Amino acid sequence: MSSIIWACETGKNQALEIGTTVHVVFNSISDEDVKNELQLFSLQILQRKNIFSAKGLNVDATLLAAVSN
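Below, the structure written as structure tokens:
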């Protein structure tokens, strides 16, 4: 179970880092079409909650801490 929680937590953290990566790429290119697509993708990322859940429980580090106690 801990490996599943670890995978979900890692995926959530990677999703948070994607926003920064998109902005780095956005600032380094000059193609306006690509910039428009990156801007739309960035807005989608910001508006999504990156939460993994199963049966109503959020699968994250807090679940691991609760289960291990």
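As numbered in this note's numbering, the sequence shown has no gaps in its residue numbers, which increase by one up to the final residue, 69. Ideal Cβ positions, reconstructed from N, Cα and C, are used throughout, including at glycine. All values reported here derive from a predicted model rather than from experimental measurement.
Query: For F26 versus L38, is the C-beta distance shorter than 7 Å?; Result: yes
Query: Based on the DSSP secondary-structure assignment, which residues constitute the bridge partners of M13?; Result: The sequence given here places Asn at residue 13; Met does not occur at that position. DSSP lists no partner for N13.
Query: Based on the DSSP output, what are the partners of S53 in its beta bridges?; Result: N58
Query: Suppose contacts are defined by Cβ-Cβ distances below 7 Å. Is L63 in contact with I5 by that definition?; Result: yes
Query: The alpha helix (DSSP H) spanning S30 covers which residue range?; Result: Premise fails: S30 is in no alpha helix (DSSP H) and is neither H nor E.
Query: Could you tell me which of E9, M1, I18 sits nearest to Q44, measuring between CA atoms?; Result: I18
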